[in-house]
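These notes concern the structure reproduced below.
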Amino acid sequence: MAEIGKDIEKAAALLSSGKLVAIPTETVYGLAGNALDEQAVLSIFKTKKRPSFDPLIVHLGDKAQLSDYVKEVPEELEELASKFWPGPLTLLLPKRGVIPDLVTSGLDTVGIRVPRHPLTRELLQSLDFPLAAPSANPFGYISPTSALHVQDQLGDKLPYILDGGTCEVGLESTIVGMEQGQVIIYRLGGIAVDRIESAVGKVLILPQSSSNPKSPGMLKSHYAPGIPMVLGNLDELMTKYRQKGIVFAVLSFNRSFPELSQELQFALSPAGDYDEAARNLFQGMRFLDRAKVEIILAEELPEIHLGKAINDRLRRASAK
Ligand code: TXA
Ligand code: MG
Numbered sequence: 004m005a006e007i008g009k010d011i012e013k014a015a016a017l018l019s020s021g022k023l024v025a026i027p028t029e030t031v032y033g034l035a036g037n038a039l040d041e042q043a044v045l046s047i048f049k050t051k052k053r054p055s056f057d058p059l060i061v062h063l064g065d066k067a068q069l070s071d072y073v074k075e076v077p078e079e080l081e082e083l084a085s086k087f088w089p090g091p092l093t094l095l096l097p098k099r100g101v102i103p104d105l106v107t108s109g110l111d112t113v114g115i116r117v118p119r120h121p122l123t124r125e126l127l128q129s130l131d132f133p134l135a136a137p138s139a140n141p142f143g144y145i146s147p148t149s150a151l152h153v154q155d156q157l158g159d160k161l162p163y164i165l166d167g168g169t170c171e172v173g174l175e176s177t178i179v180g181m182e183q184g185q186v187i188i189y190r191l192g193g194i195a196v197d198r199i200e201s202a203v204g205k206v207l208i209l210p211q212s213s214s215n216p217k218s219p220g221m222l223k224s225h226y227a228p229g230i231p232m233v234l235g236n237l238d239e240l241m242t243k244y245r246q247k248g249i250v251f252a253v254l255s256f257n258r259s260f261p262e263l264s265q266e267l268q269f270a271l272s273p274a275g276d277y278d279e280a281a282r283n284l285f286q287g288m289r290f291l292d293r294a295k296v297e298i299i300l301a302e303e304l305p306e307i308h309l310g311k312a313i314n315d316r317l318r319r320a321s322a323k
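In terms of this note's numbering, the sequence shown opens at residue 4 and continues consecutively.
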């Protein structure tokens, strides 16, 4: 099992010698390695069993380092970086040669982000290389939002997990790029669409396509628990599965169900708060994934604030 601790120097020493370390970010935990070291990058892909066509995000300690790794930054994306970094925003930008092709799966653009978790910021600022880090989960499974989630799934493959507590956002970063002068959101995430639009005007949300995944975070089935999940109206679904005699658990936005035992239900935010719902989403999916049931019934949230991004994850989790 991995050692879990808060020792930044230890994490830095391991990373500097080419090893991988799980790091906390405000979105989800990352499986980090030296982004400029091809061997370290290869072991990231291997450790998570991630297909090599799925590129990695590069994490910087400071926005000022951006020009070392990318050729240019369009005005609109510069605006977003100033507004939302450090924070849950990833920008797709034309990469410089120092970033290995392995990191970007051969693409000309690299995904860059400056995370805001204080431990990881301090770690990044103490290193003389950036960190490539996908979410620290086996490919296709739910992203980890605590050190224990990482330990459960990848603990036997890692020397160290830097423990930064529970992730405060709880959803992966919003991925934004540009094509032909148009700002495009490639993955809904921790920064809501309306906040992006208030900075740069109307954006295009690229509909997910599983035939041509520009970004496998856009693959239809992803972020999924082990137990099948269906989405719909909870009252209708519960009646239907009860009649069929199928044992179920329920994931709701804010409702509780007195007739169901506590292990069989999870409300994302009893107060109906979108930020809280986002923070609890993956924890809730993991919690119900341990219930001895045949199916998880879940409902979509209203499509406002982070509701859109939460619904995106719920739909992918239920698309098996
Ligand atoms: O919040 C996050 O973004 C977390 C934390 C650890 O930073 N990271 C994360 O990484 O979610 P990952 O690898 O699980 O998801 C990154 C997504 C993938 O779907 C990948 O395909 C896409 O970003 N991506 C990365 N670079 C890309 C590029 N150059 N072009 C298109 N998509 C890219
Ligand atoms: Mg991921």
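Where a beta carbon is used, it is the ideal one built from N, C-alpha and C, also for glycine.
Approximately 5 angstroms separates the beta-carbon atoms of Val-44 and Leu-105; this is inside 8 angstroms, confirming the contact.
By the 16-neighbour rule on beta-carbons within 10 angstroms, Ser-138 is buried. For Lys-66, DSSP records no beta bridge to any residue.
Not one heavy atom of the ligand TXA is found less than 7 angstroms from the C-beta of Ala-5.
Per DSSP, the beta bridge partners of Arg-116 are His-62.
For Leu-59 and Ser-255, the gap between their C-alpha atoms comes out near 32 angstroms. Taking the C-beta atoms as reference points, Ala-281 is found no nearer than 8 angstroms to Ala-322.
DSSP, reduced to helix, strand and coil, places Val-73 within a strand of the structure shown.
DSSP, reduced to helix, strand and coil, places Gln-286 within a helical segment of the structure shown. In this structure, the ligand MG has a non-hydrogen atom nearer than 7 angstroms to the beta-carbon of Pro-137. For the pair Gln-185 and Gly-8, the Cα-to-Cα distance works out to about 43 angstroms. Boundaries for Ala-195: no alpha helix (DSSP H) harbours it, and the DSSP string shows neither H nor E there. For Leu-96, the secondary structure class from DSSP, reduced to helix, strand or coil, is strand.
Counting only the Cα atoms, Asp-315 lies some 16 angstroms from Asn-236. In the three-state reduction of the DSSP assignment, Gly-90 falls in the coil class. Around the beta carbon of Gly-173, a 10 Å sphere encloses 16 or more other beta carbons of the protein chains shown; the residue is thus reported as buried. Beta-bridge annotation (DSSP): Phe-251 is paired with Ile-298. For Gly-158, the three-state secondary structure derived from DSSP is helix. With 16 or more other CB atoms across the displayed protein chains lying within 10 angstroms of its CB, Gln-268 is buried.
When the Cα atoms are used, Glu-302 and Ser-70 turn out to be separated by approximately 43 angstroms. Counting of Cβ neighbours within 10 angstroms places Glu-182 among the exposed residues, the total staying below 16. Of the heavy atoms belonging to the ligand MG, none sits nearer than 7 angstroms to the Cβ of Glu-29. Following the DSSP letters along the chain, one finds Phe-48 inside the alpha helix (DSSP H) bounded by residues 41-51. Relative to the ligand TXA, the nearest heavy atom lies less than 7 angstroms away from the CB of Asp-57. For the set Leu-96, Phe-285, Ser-108, Ser-85, the Cα lying nearest the Cα of Gly-229 is the one of Phe-285. Looking at the DSSP output, Phe-269 bridges to Leu-254. No Cβ-Cβ contact shorter than 8 angstroms links Arg-53 with Lys-74.
Residue pairing by DSSP places Asn-37 opposite Leu-134 in a beta bridge.
Under the 10 Å beta carbon count, Arg-124 is surrounded by 16 or more other beta carbons and is classified as buried.
When the beta-carbon positions are compared, Lys-49 and Tyr-163 stay at least 8 angstroms from each other.
The alpha-carbon separation between Ala-136 and Arg-245 amounts to approximately 43 angstroms. Sequence-distant partners of Asn-257 (beyond 5 residues in either direction) whose C-beta falls short of 6 angstroms from its own C-beta, in its chain, are Ala-270, Ser-272, Pro-273, Gly-275.
The nearest non-hydrogen atom of the ligand MG is 7 angstroms or more from the C-beta of Ser-321.
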